[in-house]
Structure formats: C-alpha cells, structure tokens
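Asks: Residue numbers (the working numbering), protein chains in the order written: chain A, 1 to 410; chain B, 411 to 656.
Yeah, the Cβ is synthetic: ideal placement off N, Cα and C, and Gly gets one too.
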Amino acid sequence: MSQGIFAKNPSVLVFLAILGLFTLGVTLMSEWAGSEIVSTSFVKTLGKTLCLALVAVAMDLVWGYAGILSLGHFAFFGLGGYMIGMWLMYERTRGIVAASLAEAPIPPTEAEVVSAIGNQIFGVVGSSEFPAIWTFADSLALQLLFVVLVPGLLAFVFGWLAFRSRVTGVYLSILTQAMTLALALYLFQNDSGLRGNNGLSGLQNLPGLDHVPQSSISIWFFWASAGALAIGYVFSAWIVSGKFGSVIRGIRDNESRVRFLGYPVETYKLFVFTVTAMIAGIAGALYYPQAGIINPAEIAPIASIYLAVWVAIGGRGRLYGAVIGAAFVSLVSSWFTGGQAPDVNLGFYTIKWVDWWLVLLGLSFVAVTLLAPKGIGGLVDLWTGRLPPDRHGADLGPDSGSLREAEAEQ
Amino acid sequence: MKSLLEVSGVSVSFDGFKAINNLSFAIGDAELRAIIGPNGAGKTTFMDIVTGKTRPDEGRVLWGEANTSLLGLSEARIAREGIGRKFQKPTVFEDQTVQENLLMALSNARGPLQVLFYRPTPEDLDRVHELAGEIGLVDALGRKSGELSHGQKQWLEIGMLLAQEPRLLLVDEPAAGMTPAEREHTTALLVEAAKSRAVVVIEHDMDFVRRLGCKVTVLHEGAVLAEGSLDHVTANRKVIDVYLGR
Ligand SMILES: Nc1ncnc2c1ncn2[C@@H]1O[C@H](COP(=O)(O)OP(=O)(O)OP(=O)(O)O)[C@@H](O)[C@H]1O
Ligand SMILES: [Mg+2]
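Shown next, in the form of structure tokens:
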C-alpha cells in the first residue's frame, strides 16, 4: 500500500498535497488560531463538506467503479451519525443529570441516574424507558464500533439478498431507494427508539468538554474530517489501483464476461457495497457532530439521489471527481439556499434562489449528463492531455466502438 | 476413450420454440472439434448450456473424471472447473489495457480478498508477455483494448482464454471479421491450443474448418445431423440439403 499506489496514481499525491494545504490554510485563518477570516460556523461548514466528499468517494467506488448505482448510501451515512449521536447525547445528558442530582440531599442510586437520563432524552416522545438499542450507548468504544458495523451489516444483508437474485441496473437503484425510504419512515416513528422526528440533538457539545469553546471543537472535527478523507481516499485508490480495480471495472462494463472468467461477481459486488457502506458510516459519524443534529429527514431518499448527482457532476470513475463534485455542489448549494445569492429581478418576476436552486441543480445535472459525461473532473484531462481521439471517420473494425487506425496509433 | 465433457439428451425451449432438441455430444481430452450448422441451429445455445448461462429443460451435462454434473453450478464455478469461452462478438474490457485484460484472465485465485492483495509476480508478467507474443499483441500491451482492431480484439479474447488455462475451450466464431491472413494465424493458435486441451470451435467458414483438419459435428434444429470428418459430412445428403446447398 506504499510506493506502488503513488507511483501508479500520481493524482493521489496531488490530492493529498492540496488537502493538506487546504487544511493548514483553514486552520491558520480560523478563530482557533486567533484569526477572524474564517468563522467557526464556516469551519463547521467546511468540515461537513469534507465528510460529504468522503461519502462521495464511497459512492464513486460503488457506482463509478463497480457500476452499482446505489441510491441508498445516505442511509449508511445517517446510520453512522445516529450511532455516534447516541453516545454523545447519552453522555452529555448524564453529565447534566449527575450535576443536578448532586445537589439533592440523598446521593442518587445508579438506577435513579439512568432513569433521569431516560426522562431527559425520551421525554419528547412521551417515554422514559431506554429502548434495547441504547444498551451500549454509554460505551464510546462500542458505539464507535457500531459506526462501521451497523451500516456494514445492513449493507451486507441487503446486498446479499439483492445481488444473489441478480437484481441489477435500475431495479437495484429502486430497491436501494426503497431501503432508505423504509429506514427513514421507521425512524420517524416515536417508538423507533431514536426519538422519532426529533432525532438526536446537541451533538456539537462533547461530553465533559463544556469548558472548551466551539472554535476549538470545530477545528478538531475539521482536522478529523480531513484525516478521514485522506485515509478514505488513499484506501479507495489502493482498492481500485490493482487487479481488484480491474475486476470491478470489468463488472461495471460487462458483468457476465467477468463471470465466465471465473470470478464470483456477486461476492465482489457485496464486498464493494458493504465496504463503501462502512466508509459512508464513518463519514456520517464525523458529519453530524458538526451539524449538531440528526433526524430521519437526513436519510430521505432524495439525499442519496443528491449524492449520485454530486458524483456525476464531479465526474465518476475518478476519485478526485467525486471529491470535487461533492465539495463544489454542496458549497454552492449552501450559498444559494443560505440566502446569500442575490435575487435576480427580471422585471415581471424575481428569481429567488432559495426556491430556484433545485431547478438550477437539476438543469446542471441534465447538462452534465448530456454534454460533459466526464463531469468537472474531465477538465483535468484537458490539462494532462488525456483526450480521446476525435472520431470523424470510419471505425477500425465492425464494432461501433472501435477507433480509426490513425487515432489508435497515437 | 473416456470423454472430458459429455452432453446427453439435452433439450431447451424458449417460449415453446425448441432451440436444442435431445442433443448429445461428447469430446475427449486434447481433442479439436468443429461445430457447423445453419444460423439458428442452436450452436451458441449449446455453449450457453455447457457454460451455465442457460439451464436446459432436461438432459445431463457431465464433466471430467469424476463425472460432475455441471447443471446447477454457477457460470463462475463452471469457469473455475476449467471451461473457458469465447463469445461470438468479441468481448474484451475495452476500458482497460491489454495487459490488464490478460492479467485478469490469468489462472490465479479468484476470491475478492486474494485479488485485493494480489500483486503480479515476475512469472505472471512473463506469462502475459508470452501470451501477448502468441497473439501478436506485444507492442499493444499498454494500450487500451478498446483501441484495438476487430481482429486484434478477437485474438486478445483468445489470449485471455489461454491465460485461464482451461481444460476445455469453447470458441464461438473466432474468425468472424478477420482478414485471410488473420484467419490463418487464428487457425494455428487453435490447433496449437488443442494439443494440450479440448477445443470446440463454432465456425461458418468452410475453408477455416478444413484447415483445422478435425472431426466435425453438424447441428441442425438443435440436434446432431451428422458427425465425422469434413469430407464425410459434406458428402452427406441431409447436410447438403439443409446447410451447404442453400
Ligand atoms: N435467450 C433466448 N431467448 C429466446 N430465443 C433464443 C434465446 N437464445 C437463442 N434463442 C433462439 O434459439 C435459436 C438458436 O440460437 P443460437 O444462437 O444458438 O443459434 P446459432 O446456431 O448460434 O446461430 P448463428 O450461426 O446465427 O450464431 C435461435 O432461433 C434463437 O433465436
Ligand atoms: Mg451463434
């Protein structure tokens, strides 16, 4: 995993260098470093963007490389957020409860503390009992493990059922949408055990660190997000650089041919689907503490569709394309929907971007798909000169895909 | 002689149309066999059945010394048993280089984890080089296979087949779209391959079949119409009527 991959993919080094410089720059300009240039809330936005870039890398692995158009990876992202959110909320509430009960004349028993925590957390859904899924909420180590295990397990079971019955293409996409919708609807219920539509909140406050200002916490998470993106990126580049990458690209382009070479295609798909779900879980676990709140609306089907749009706009089948797409679209999106974009007055009608941004995004998606299928990442090819030959004449062979001799010689 | 592959009494129908009708066929180790027959005779469907792509309605397909039934095994499993297949239309991975295509076909472990940690050994690279030499693509090793000419793609696919080191090669119309010189080279490749393994070639071109110089099976309406040397079957009245005399 050392030299080979960097030698084969110089773009990985370029990416790491840019990410490092970016992280350093933001750090120096942050309130944490005593500067006023980048506000704490913008540090959080940037940190969240890095997490979105990470889940986009996972999406690119599963879609751009393995050809599985999953429209459900945000479910895994959200689950990762819920898993870490449970610990954050439990421990913080415990701190508050312990502090208030300490004033009481008789020291509270452990059971009293737990029931008081339950009251605090589940009061909003008219309950005070801890559901079974909170059994390990007091253990950071276990909840961190669940960040990868729970999304991984869901992906494994779902993928095992779907791939084994050879569901592919648009049917698989619809099935993944159904999965994320079902999960969101389930979580919306008050008795799902995760506070229904209230979701988990106050996640920006780290238990036991009340004295630490948000300017510090935000920069810690920013670093962690940058680190996770760097590791996730190198890991993904390693996966796709060798023969494994060859096989999954083969599956994308001609799955039955790969089968006749003797490769167990379904196992490969399951592997990629599960591993990317775990990466998505990690990204979500870093995202939601920066967002402060997670609720079931986060894993609505549309979120996973956005994910595919980012990757398509950035350029699928190349990892940096996914990062560019996620960063660019999500930042532009928060600019437009945050009310910062100036309204356009047409005289008879005023375009308010808060309402029209989605239309613009949809049109850009259609435009990219039709006019520039390589996405923004394709611009890099202009620079490195990796252009496909211009095919104006007859093909080399009877296949419509073949090049002309002169072009092939280049 | 004990046969390597034995197909007996196999039938398959698509929406009531009997594409294969009580077909029996056997081939031994290190045998070269040509299958000819009019369009729609069921030649490709026969290969589909052997390789697990199509499940027959009835009949048996037995493989190897242990007489394993291939019915019910997955395509990938059958391929790992040692049956390689070349499709009628050349199917190589166009987005990948010739070298990547050959490396993928090389007979190494196929499981995801083994493949994930696989790095080509010098022997593997030598083997790829050697194969590329046999199929005349040494200079093209670093080129994307989508840039190859039609004939070169056919060869690459044959090369991938050889890389798999199968015990039985099923080759569907290997010479389609090739120039006469390319055809001759292809014949040589197949004859060479058949020295150490069984090879079944489907072909329409009679000259090509003649150069193979092997036993011929004529298929018609999903069943064997005649079998024997090329001269023997071409003298057969029924064969002339349904195939040659058209
Ligand atoms: N999956 C399928 N569904 C329906 N019909 C099929 C299917 N596969 C093959 N057939 C039919 O079965 C018959 C035999 O087809 P097959 O492809 O085996 O012929 P062939 O001998 O290979 O012909 P050719 O020389 O044209 O390649 C044809 O009539 C074809 O239309
Ligand atoms: Mg055919």
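If you pair each beta-carbon of the segment 36-45 of chain A with each one of the segment 100-111 of chain A, do three or more pairs fall below 8 Å?
Replies: The segment 36-45 of chain A, when compared against the segment 100-111 of chain A, does not touch it at the 8 Å Cβ threshold.
Asks: Within this structure, are the beta carbons of A/Leu79 and A/Trp160 separated by less than 7 Å?
Replies: No, Cβ-Cβ distance for A/Leu79 and A/Trp160 is not below 7 Å.
Asks: Taking only beta-carbon positions, decide if A/Lys269 is within less than 7 Å of chain B.
Replies: Not an interface residue.
Asks: Just to check my reading of the structure: A/Leu54 and A/Gly281 have Cβ atoms closer than 8 Å, yes? What is that Cβ distance to the nearest angstrom?
Replies: Not quite, the Cβ-Cβ distance comes to about 11 Å (not below 8 Å), so this is no contact.
Asks: I'd like to know if the segment 80-89 of chain A and the segment 132-147 of chain A are in contact, where contact means that at least 3 CB-CB pairs between them fall below 8 Å.
Replies: Verdict: yes, contact present.
Asks: Unbroken alpha helix (DSSP H) runs of length 4 or more, entirely within the segment 81-106 of chain A: which are they?
Replies: Within the segment 81-106 of chain A, no complete alpha helix (DSSP H) run reaches 4 residues.
Asks: Quick one: does A/Arg316 have its CB under 7 Å from some CB of chain B?
Replies: Taking Cβ atoms only, chain B never reaches closer than 7 Å to A/Arg316, which makes this a no.
Asks: Which same chain residues, not among the five before or five after A/Val167, have their C-beta less than 8 Å away from its C-beta?
Replies: Once the five neighbours on either side are set aside, the close Cβ partners of A/Val167 are Leu175.
Asks: Using a beta-carbon distance below 7 Å, is B/Thr501 in contact with chain A?
Replies: Closer than 7 Å: yes.
Asks: Measure how close the beta-carbons of B/Glu567 and B/Val502 come, nearest whole angstrom, since I'm counting them as under 8 Å.
Replies: With 8 Å as the limit, B/Glu567 and B/Val502 qualify as a contact, their Cβ atoms being about 6 Å apart.
Asks: If you follow the beta strand (DSSP E) that B/Phe435 is in, where does it begin and where does it stop?
Replies: Residues 427-438.
Asks: Going by DSSP in three states, A/Glu31 sits in which element: helix, strand or coil?
Replies: In this structure, A/Glu31 counts as helix in the three-state DSSP scheme.
Asks: Identify each residue in the segment 237-252 of chain A for which the Cβ-Cβ distance to at least one residue of chain B is less than 8 Å, and report them in chain order.
Replies: From the segment 237-252 of chain A, only Ile239, Gly242, Lys243, Phe244, Ser246, Val247, Arg249, Gly250 have a Cβ closer than 8 Å to chain B.
Asks: With DSSP as the reference, label A/Pro389 as helix, strand or coil.
Replies: Any reading at A/Pro389 must be qualified, since the residue scores a pLDDT of 47, below 50, and its modelled position is unreliable; no value is offered.
Asks: Any idea what DSSP makes of A/Ser165, helix, strand or coil?
Replies: Correct three-state label for A/Ser165: coil.
Asks: If we require 3 or more residues per run, which beta strand (DSSP E) segments fall completely within the segment 544-600 of chain B?
Replies: Entirely contained in the segment 544-600 of chain B, the beta strand (DSSP E) runs reaching 3 residues are, in chain order, 578-582.
Asks: Take the Cβ of A/Gly64 as the centre, count every other Cβ of all protein chains shown within 10 Å, and call the residue buried at 16 or more, exposed below.
Replies: Classification for A/Gly64: buried.
Asks: At what residue ranges does the segment 441-529 of chain B contain a whole run of the alpha helix (DSSP H), taking only runs of 4 or more?
Replies: Segments of the alpha helix (DSSP H) lying fully in the segment 441-529 of chain B: 453-460, 485-491, 508-515, 522-526.
Asks: Taking the beta carbon of A/Thr25 as the centre, do at least 16 other beta carbons fall within 10 Å, making it buried, or is it exposed?
Replies: With the sequence shown as reference, residue 25 of chain A is identified as Gly, and Thr is not the correct amino acid for it. The residue in question, A/Gly25, is exposed, as its Cβ has fewer than 16 Cβ neighbours within 10 Å.
Asks: Out of B/Ile437, B/Glu557, B/Ser413, point me to the one whose CA is closest to B/Val508's CA.
Replies: B/Val508 has its Cα closest to that of B/Glu557, out of B/Ile437, B/Glu557, B/Ser413.
Asks: Answer with buried or exposed for B/Ala519, where buried requires no fewer than 16 other C-beta atoms within 10 angstroms of its C-beta.
Replies: That one is exposed.
Asks: When you compare only the Cα positions, how much space is there between A/Ile294 and A/Leu203?
Replies: One C-alpha to the other measures close to 8 Å.
Asks: CA-CA distance, B/Asp425 and B/Pro448?
Replies: Going by the C-alpha atoms only, they are around 21 Å apart.
Asks: Keeping to the same chain, check which residues put their C-beta closer than 8 Å to that of B/Val634; ignore five residues upstream and five downstream.
Replies: Cβ neighbours of B/Val634 beyond the five flanking positions: Leu433, Ser434, Phe435, Thr627, Val628.
Asks: Is there contact between the segment 301-314 of chain A and the segment 329-340 of chain A, where contact requires at least three CB pairs shorter than 8 Å?
Replies: Touching, yes.
Asks: Any heavy atom of ligand 2 closer than 6 Å to the Cβ of A/Gln143?
Replies: Incorrect: A/Gln143 has no Cβ contact closer than 6 Å to ligand 2.
Asks: In three-state DSSP terms, what is A/Phe74?
Replies: Residue state, collapsed to three classes: helix.
Asks: According to DSSP, what are the bridge partners of B/Glu416?
Replies: Per DSSP, B/Ala436, B/Leu472.
Asks: Since B/Leu516 contacts B/Val538 with CB under 8 Å, what's their CB separation in whole angstroms?
Replies: Between B/Val538 and B/Leu516 the Cβ distance is about 7 Å, and since that is below 8 Å, they are a contact.
Asks: Is A/Thr350 helix, strand or coil by DSSP?
Replies: The answer is strand: DSSP assigns A/Thr350 an E or B state.
Asks: Using a Cβ-Cβ cut-off of less than 8 Å, list which residues of the segment 263-289 of chain A approach chain B; keep chain order.
Replies: Hits within the stretch, in order: Tyr263, Pro264, Val265, Thr267, Tyr268, Phe271.
Asks: Going by DSSP in three states, A/Phe136 sits in which element: helix, strand or coil?
Replies: Looking at A/Phe136 - three-state DSSP - the assignment turns out to be coil, as it is neither helix nor strand.
Asks: Ordered along the chain, which non-local residues of its own chain (more than five positions away) have a Cβ less than 7 Å from that of A/Glu409?
Replies: Annotation note: pLDDT 46 at A/Glu409 (below 50); position unreliable, coordinate value reported separately. If we look at A/Glu409 and ignore the five residues flanking it on each side, it has no Cβ neighbours.
Asks: May I ask which residues mark the beginning and end of the beta strand (DSSP E) holding A/Ala230?
Replies: Where A/Ala230 is concerned, there is no enclosing beta strand (DSSP E), although the alpha helix (DSSP H) it sits in stretches over 214-241.
Asks: Could you tell me the alpha carbon to alpha carbon distance between A/Phe221 and B/Met570, rounded to whole angstroms?
Replies: Using only the alpha carbons, I get a separation of about 49 Å.
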